[in-house]
Amino acid sequence: NAGVTQTPKFRILKIGQSMTLQCTQDMNHNYMYWYRQDPGMGLKLIYYSVGAGITDKGEVPNGYNVSRSTTEDFPLRLELAAPSQTSVYFCASTSGSVIYEQYFGPGTRLTVT
Amino acid sequence: AQSVTQLGSHVSVSEGALVLLRCNYSSSVPPYLFWYVQYPNQGLQLLLKYTTGATLVKGINGFEAEFKKSETSFHLTKPSAHMSDAAEYFCAVSPRGSARQLTFGSGTQLTVLP
Chain A
80 NAGVTQTPKF RILKIGQSMT LQCTQDMNHN YMYWYRQDPG MGLKLIYYSV
130 GAGITDKGEV PNGYNVSRST TEDFPLRLEL AAPSQTSVYF CASTSGSVIY
180 EQYFGPGTRL TVT
Chain B
33 AQSVTQLGSH VSVSEGALVL LRCNYSSSVP PYLFWYVQYP NQGLQLLLKY
83 TTGATLVKGI NGFEAEFKKS ETSFHLTKPS AHMSDAAEYF CAVSPRGSAR
133 QLTFGSGTQL TVLP
């Protein structure tokens with residue numbers, strides 16, 4: 080199993096550009112999450128999904144959108160990128176049967192200039 | 033709302049010395065508790081978790097943590113540090129019965145000195 084995979088690993092965006100961060104898991108997990116990690120701030124939850132077709136906002140959703148059309152994929156969309164979105168983004172998933180043990184992808188490092 | 037506080041953003045220990053990383057939570061009901069480790073340029077990996085039962089929890093790589101309800105703490109320890117333990121460590125909590133969301137502390141960077 081590949082686990083949780085994320086693409087791209089690195090990206091530089093200009094202010095106002097848009098992009099989609101891809102996340103795929105092959106563990107048949109129902110729950111998927113997007114976090115951003117900023118230095119000294121820990122991880123903040125952006126959006127999460129409890130199953131295909133169901134998404135909800137986390138702590139810091141502004142400037143982002145998500146969709147969940149399949150169990151495997153949970154893309155994160157950035158519209159009109161801003162410097163404040165410079166961060167490392169992590170996708171995670173869990174089945175829920177092993178209580179709350181989230182599996183993380185390797186991350187996407189995004190710079191907006 | 034629950035929160036997690038990790039005391040000390042940076043901790044340095046000598047190789048072979050005791051590792052102690054502190055975590056306190058704020059919640060009206062004891063949550064589920066976790067420690068994750070992040071090695072450079074990698075995602076987070078679960079070290080250990082407390083959900084119910086025995087309050088002393090053993091994890092991978094020789095780490096353990098003890099849940100103390102009276103102190104609202106879940107400190108991480110390892111008797112003897114190894115150079116390979118150098119990483120960032122995150123404490124996290126999740127309320128019982130939630131949609132499996134985690135709230136993370138701000139992290140502690142552990143440096144192991146030779």
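Chains as they are written, first to last, in our numbering: chain A, 80 to 192; chain B, 33 to 146.
Idealized CB from N, CA, C, for every residue including glycine.
ask   = Can you name the residues of chain A whose CB is closer than 8 Å to the CB of serine 41 of chain B?
value = For a Cβ distance threshold of 8 Å, residue set Gly119 of chain A lies close to serine 41 of chain B, ordered along the chain.
Select from A:Tyr114, A:Ile94, A:Ile91 and A:Gly121 the residue whose C-alpha is nearest the C-alpha of tyrosine 168 of chain A. The shortest C-alpha separation from tyrosine 168 of chain A is found at A:Tyr114.
- Query: Can you give the beta carbon distance from tyrosine 68 of chain B to glutamine 77 of chain B, rounded, assuming they're within the 8 Å contact cut?
  - Reply: Right, their Cβ atoms sit about 6 Å apart.
Of the residues B:Ser116, B:Leu53 and B:Ala86, which one's Cα is nearest the Cα of cysteine 123 of chain B? Cα-wise, what sits closest to cysteine 123 of chain B is B:Leu53.
Exercise for the section: Can you tell me which of the three DSSP states serine 58 of chain B falls into? Expected result: Strand.
On the DSSP letters alone, give me the boundaries of the beta strand (DSSP E) that valine 81 of chain B sits inside.
Correcting the residue identity first, residue 81 of chain B is lysine in this sequence and not valine. Looking at the DSSP string, the run of the beta strand (DSSP E) that includes lysine 81 of chain B is 76 to 82.
| query | Going by other Cβ atoms of all chains shown within 10 Å of its Cβ, with 16 needed for buried, is lysine 110 of chain B buried or exposed? | reply | Buried.
Within 8 Å, strictly: CB atoms of proline 154 of chain A and cysteine 102 of chain A: Between proline 154 of chain A and cysteine 102 of chain A, the C-beta gap is smaller than 8 Å, which places the two residues in contact.
query: Beta carbon of alanine 171 of chain A, beta carbon of glutamine 181 of chain A: below 8 Å?
result: Taking 8 Å as the Cβ cut-off, alanine 171 of chain A and glutamine 181 of chain A qualify as a contacting pair.
ask   = For alanine 131 of chain A, which of A:Leu92, A:Met98 and A:Ser146 has the nearest alpha-carbon?
value = Of the residues A:Leu92, A:Met98 and A:Ser146, the one whose Cα lies closest to the Cα of alanine 131 of chain A is A:Ser146.
Does the Cβ of proline 162 of chain A have 16 or more other Cβ atoms within 10 Å, making it buried, or fewer, making it exposed? Proline 162 of chain A is exposed by the Cβ-count criterion.
Between which two residues does the beta strand (DSSP E) harbouring phenylalanine 66 of chain B extend?
Element bounds for phenylalanine 66 of chain B: 64 to 70.
Checklist entry - How far does the beta strand (DSSP E) with glutamine 141 of chain B in it reach, from first residue to last? => result Under the DSSP assignment, glutamine 141 of chain B falls in the beta strand (DSSP E) whose first and last residues are 140 to 145.
Q: Out of A:Thr86, A:Gly142, A:Leu157 and A:Arg90, point me to the one whose CA is closest to aspartate 104 of chain A's CA.
A: The sequence shown places glutamine at residue 104 of chain A, not aspartate. Closest by alpha carbon: A:Thr86.
Rounded separation between arginine 156 of chain A and serine 58 of chain B - CA only
Roughly 33 Å separates the two Cα atoms.
Checklist entry - Who are the near neighbours of glutamate 96 of chain B in its chain, counting only those whose CB is closer than 8 Å to its CB and skipping five residues on each side? => result Contacts found: Leu80, Leu88, Val89, Lys90, Leu108, Thr109 and Lys110.
Practice problem: Compute the beta-carbon to beta-carbon distance between leucine 142 of chain B and valine 51 of chain B, rounded to the nearest angstrom, for a pair I have assumed lies under 8 Å. | Solution: Contact between leucine 142 of chain B and valine 51 of chain B is confirmed by a C-beta separation of about 7 Å, below the 8 Å threshold.
Confirm, please, whether the CB-CB distance from methionine 120 of chain A to serine 126 of chain B is below 8 Å. Result no, Cβ atoms of serine 126 of chain B and methionine 120 of chain A do not sit closer than 8 Å.
Is the beta carbon of threonine 140 of chain B less than 8 Å from the beta carbon of glutamine 38 of chain B?
Closer than 8 Å, so yes.
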